[in-house]
Every structure is written in structure tokens, then in C-alpha cells.
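All the letters of the sequence shown, read from the start, carry residue numbers -11 to 299 under the numbering used here.
Ideal Cβ positions, reconstructed from N, Cα and C, are used throughout, including at glycine.
So the structure is just underneath, and the comments pick up after that.
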Amino acid sequence: MSIKTYAGIPQKHAALETSKIVLIPVPYDGTSTWQKGADKGPEAFLDASENMELYDIETQTEVYKQGVYLADAITENSSPEAVVSEVHKITKDYIKRNKFVTIFGGEHSISIGTIRAFNECFDNLTVLHIDAHADLRKEYHGSKCNHACAVYEAGQTTNLVQVGIRSMDVAETTVMDEEKVFFAHDMAKDEYWMDKVIEALGENVFITFDLDAFDPSILPSTGTPEPGGLFWYETLDFLKQVFEERNVVGFDIVELCPNPEERASDFVAAKLYYKMLTYKFAGTDEEEEYESNFNETKKGVSKFNTEEDEY
């Protein structure tokens, strides 16, 4: 990728040593099963970010001044398992550097690696999964590292809370905790759904946001668009509450499948990323040191991964 800093920000706000935030692009599309092109998502997202105003009107802040380091893209693509392993390793390395780590995919299988890294570093992790699809298959097309399996492991090892779900296979009902699943058709009739989600979250929250959670009327360029999704301001209202009331320790955004004839989706993804950073650091002084509160002694890997099973 030719872009040297996130959103074209000045180098003084983009150095690893001084940045509070790390952005890891993962241009991977090895397991998607309908529209291909998510591997082009990070480049389209970064291009759109360069054309975005960096002053946030709502909060009257410029979050990029907290420092955003654009890491080298993870280009491993030899196998789904190898990709998950590399994403896990690099994500964990940056967490241990006391950074607020964010990841932009790529299709949703990369989240297996990101969630694994955060679960190893943070106590009592909640995974807030915002998506059109349940993604709870244990295995799909011969691999446990398929996009359809993105949060199966999280469901076994973390407090998994799912929001916006409106498409799934019947087999996924056998592993789904329906008390922590907020289906889109129920959300449409429940004015209190946001409060109920917040109540289900623990203190430390990792957000995995699949862009097909949005209604395709505002973001059509994704691998598997589904009608009946979230809209812009309700999404921001919800995310703002999550960031205000819980300790969001990191997030990933996945499944942008850019279309050269429809660039608005790229910009929606770019704006979403920037708004999520803004909500995380609203009220934080630029000179104030970021403390991620990760647990260096946490040995979470043993909960779900033996040497024989390691990807």
C-alpha cells in the first residue's frame, strides 16, 4: 500500500513511539463464499480516510492528534490457519506495547486471530459482535478458520454478545446463547434494545464490526449484504453508549468489498472507524498517557488452544 500515514495525517501524529492507536490492515479474502473483493477493503478504506475531514463536529475534537500508527499490512495468505496465526501474533505484540489496537480487514475470518489475542491479554473479555450473520459454525468448507466461523471460538471462551443478526444456519442454534443474541427483527420493535445490550456486556469489551450489519441502503459494498440492517445514527448512538459505559479495549472492522462504481461504502467505513476512535478518546488529553490495562500474566491461550490445535 502506498499510503504512508493513516488519513494522510502529519508524521508527528503517526509515529509508533508516540501514537496511542495502532491500525493494522489485513487485506485477506481467502474464505468468503459469495462476492469476492474484501482483500481490497483496507486500501479502499485508507483512500477514503485521506479524503475525510478530521474535525469531529459532534465532540468538537480531532482524535488523530492522539496518534495513529499505520502498521504494515498483514499479507500472509498461504492458508486460513496461517492468516489467523499471523493476525493473532501481530495483534498481541501491539497490545503488549500498550497501544489501543484496531484492525481493518479483510473478511471476517481474521477476527478469530484478533479476538484470540485480546482474550489472552484482557481479563473477563466480552466480545461484542455486530453483524448480519451469526458466524457460529464450528467448521465450514473444511476449515475452522472460515469467515462463517468468525466467532465460534469467542462463543466458547468469552462473553459473546451478538447484535443485528438476521441470517444464520439452523445448526448454529445449537451453539448460540439466545439470551445474548439481539436479532434484527426484535431490535426493530424494541426501543430499549441498546440498554439491554449494554447490560449484557462485561467491563472489558472488544468490538468486531462486520459492515454487513448496516442496511445495504447505506452500505451495499460488502460480501454478503442482508436487508433489514442498522442505520447510521442508531449505530452511532449505540456505539457511543458502549464506549461511555464500558472499557472498549480494541476493535476490528471487516467485510468492506469495494465497488469502483460505488465509493460511498468506502467512506461510510472510513467514517465509522474514525467515529469509534473519537468515542474512545473523547475527553482525553493529547499528552495523557494511554493505559490499556491488559494483563501481562494472563494465560488465556490454554483455555482454547492446545499445541496440537494451534493454527
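Nearest CA to the CA of GLN150: which residue from HIS129, MET182, ALA159?
-> MET182
Alpha-carbon spacing of GLY25 relative to GLY211, whole angstroms = Roughly 8 Å between the two C-alpha positions.
Three or more C-beta pairs below 8 Å linking the segment 230 to 246 and the segment 179 to 198 = yes
Thinking TYR262 and VAL51 are a contact (beta carbons under 8 Å), I'd like their distance in whole angstroms, please.
-> 7 Å
Using 8 Å as the threshold, is the segment 31 to 42 in touch with the segment 107 to 114, meaning 3 or more CB pairs across them?
-> no
Answer yes if the segment 243 to 252 comes into contact with the segment 70 to 78, meaning at least three C-beta pairs across the two stretches below 8 Å, and no otherwise.
-> As far as the Cβ criterion goes, the segment 70 to 78 does not touch the segment 243 to 252, which means the pair count is below three.
Beta-carbon proximity list for GLY216, same chain, < 6 Å, skipping 5 on both sides | Only ARG154, ALA172 meet the Cβ criterion.
Assign HIS76 to one of three DSSP states: helix, strand, or coil.
-> helix
Would you tell me roughly how many angstroms separate the C-alpha atoms of SER66 and TYR140, rounded to the nearest one?
-> 22 Å
Cβ-Cβ distance between LEU113 and THR146 below 8 Å = It is a contact, given that the beta carbons lie within the stated cut-off.
Which value, in whole angstroms, describes the spacing of the CA atoms of GLU279 and ASN86?
-> 6 Å
Whole-angstrom distance between THR266 and LYS177, CA atom to CA atom | Our two residues, LYS177 and THR266, have alpha carbons roughly 29 Å apart in a direct line.
By Cβ distance below 8 Å, which residues in the same chain neighbour SER7 in space, the five residues on each side in sequence not counted?
-> Exclusion of the five residues before and after SER7 leaves HIS1, GLN54, GLY55, VAL56, TYR57, LYS87 as the residues of its chain whose Cβ lies within less than 8 Å of its Cβ.
GLN150 - partner residues in DSSP beta bridges = HIS117, VAL169
Quick one: what's GLY93 bridged to in DSSP?
-> According to DSSP, which records beta bridges pairwise, GLY93 is partnered with VAL14.
Note down the Cα distance separating VAL163 from VAL14, rounded to an integer number of angstroms.
-> 28 Å
Could you give the distance in angstroms between the alpha-carbon of PRO208 and the alpha-carbon of ALA201?
-> So the alpha carbons of these two residues sit roughly 11 Å apart.
Tell me the start and end of each unbroken beta strand (DSSP E) in the segment 28 to 69 that is at least 3 residues and wholly inside, in chain order.
-> DSSP runs (the beta strand (DSSP E)) wholly in the segment 28 to 69: 56 to 58.
Since VAL236 is in the beta strand (DSSP E), which residue starts that stretch and which ends it?
-> 235 to 242
What number of angstroms, rounded off, separates the C-alpha of THR63 from the C-alpha of TYR16?
-> 7 Å
Hey, LEU148 and LEU199: beta-carbon distance below 8 Å or not?
-> no
Cβ of LEU224 within 8 Å of Cβ of GLY152?
-> no
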